[in-house]
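Residue numbers (our numbering): 35 to 392. Shown next, in structure tokens, is the structure this report addresses.
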């Protein structure tokens with residue numbers, strides 16, 4: 035979830051280093067992972083609320099060199115706040131305001147990648163996953179599902195695993211990635227990893243981020259690597275429904291040596307990412323931006339008419355399709371007269387134009 039743009043943009047790089055990553059993860063995960071491939075070990079015992087480890091295993095210089103990362107301008111060790119091993123007593127209650135996964139039912143992001151419209155959605159799933167992140171150390175993780183679309187075509191589906199430590203920091207425990215080709219078939223699982231199998235857990239959000247703090251949101255060379263430095267705190271940003279106070283700005287160093295600026299905001303978590311001309315921004319979050327009361331009549335009419343138009347197109351009934359499309363556009367025009375999250379408005383209007391041209 036945490037870096038959607040990179041998942042799509044760097045696919046070719048992932049393919050090139052996949053074999054290398056499989057080799058490197060063995061050494062990196064020594065002392066912190068199961069000894070087999072495939073599914074992680076999930077013992078019958080309850081997850082432990084204490085950690086036998088004092089520090090999180092880190093990539094060696096040799097591993098960084100083998101992955102082509104040796105020349106990255108990494109932060110000095112004394113700036114890192116993610117080296118001490120976390121303790122997980124109540125890991126599924128992820129209430130860190132800057133990454134409130136267990137309180138965030140769904141989100142929609144919009145932007146542009148490679149000059150094309152980029153749309154992503156996340157949904158908190160009801161199940162949890164038990165992960166043995168170190169021998170004898172299990173943690174129950176929340177599961178968030180992620181969809182990415184480029185120019186209206188599905189590009190990736192992933193499930194991400196998160197847990198909150200006792201100090202309030204949030205840890206990233208892995209992802210299962212499914213990449214899709216232009217025909218809609220799964221063609222790759224590259225970029226998948228699991229704490230305790232390929233490497234250690236990674237801090238995705240500090241408990242109390244301060245300017246100058248550094249952590250690695252991904253820390254497995256040749257599979258996923260990203261170092262994050264906090265640059266600004268207590269920032270006010272424009273949200274889908276108005277100003278949002280208490281945001282932070284981070285600068286991310288990627289494995290190719292480039293940087294991104296990323297904003298995290300209370301009640302939303304990941305909020306905005308900019309990398310050159312590429313942008314991904316929060317369009318809507320639920321329940322953060324949810325309206326009180328039942329759905330507006332205009333939105334229900336828009337939904338019903340759009341579905342009716344698509345059904346008619348699939349059956350070749352072009353006149354009913356056009357009639358329903360026009361009804362959807364009228365419903366949107368009525369709703370648009372009131373306040374609407376700006377990025378959600380852009381997404382809806384683009385979708386209606388696409389429907390009109392179907």
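Even for Gly, the Cβ is constructed at its ideal location relative to N, Cα and C. Just so it is clear, the structure is predicted and the values come from calculations on it, not from any experiment.
| Query | Result |
| --- | --- |
| 9 angstroms Cβ cutoff met for residue 362 and residue 354 | no |
| Same chain, Cβ closer than 6 angstroms to residue 241, five either side skipped, listed in chain order | 201, 202 and 203 |
| Within 9 angstroms, strictly: CB atoms of residue 306 and residue 312 | no |
| Candidates 302, 388, 383 and 348, of which the one nearest residue 135 by Cα | 302 |
| For residue 296, the first and last residue of its enclosing beta strand (DSSP E) | 293-299 |
| Helix, strand or coil at residue 171 [DSSP, three-state] | strand |
| Own chain partners of residue 144 with C-beta closer than 6 angstroms, once the 5 adjacent residues on each side are dropped | 153, 317, 377 and 381 |
| Nearest-angstrom Cβ-Cβ length linking residue 390 and residue 371, presumed shorter than 8 angstroms | The Cβ separation is near 20 angstroms, so there is no contact. |
| Contact under 9 angstroms by Cβ, residue 295 with residue 269 | no |
| Nearest residue (CA-CA) to residue 127, options 166, 118, 174 and 103 | 174 |
| Those runs of the beta strand (DSSP E) which lie wholly inside the region 192-247 and span at least 3 residues | 204-214, 220-222 and 236-239 |
| Every unbroken alpha helix (DSSP H) inside the region 338-392 [4 residues or more] | 352-369 and 376-390 |
| heavy atom of the ligand ZN below 8 angstroms from residue 371 C-beta | Among the ligands in the structure shown, none appear at all, so the ligand ZN cannot be discussed. |
| Beta-carbon contacts of residue 189 that lie in its chain and below 8 angstroms, excluding the five residues immediately before and after | 42, 182, 183, 213 and 214 |
| Beta carbon of residue 399 nearer than 9 angstroms to that of residue 243 | Absent from the structure is residue 399, since the part of the chain shown begins at 35 and ends at 392. |
| Rounded C-alpha distance that separates residue 251 from residue 319 | 22 angstroms |
| Exposed unless 16 or more other CB atoms sit within 10 angstroms - verdict on residue 96 | exposed |
| Straight-line Cα distance separating residue 226 from residue 285 | 24 angstroms |
| Local Cβ density within 10 Å of residue 339, reported as buried at 16 or more and exposed below that | buried |
| Spatially closest choice to residue 178 from 257, 117 and 157, by CA coordinates | 157 |
| Environment of residue 352 [buried if 16+ CB atoms lie within 10 Å] | exposed |
| Chain-order list of residues whose beta-carbon lies under 6 angstroms from that of residue 141 (same chain, five-residue window excluded) | 156 and 319 |
| Integer Cβ distance of residue 206 from residue 165, believed to fall under 8 angstroms | Actually they do not touch by this definition, with Cβ atoms about 11 angstroms apart. |
| Terminal residues of the beta strand (DSSP E) in which residue 318 lies | 312-320 |
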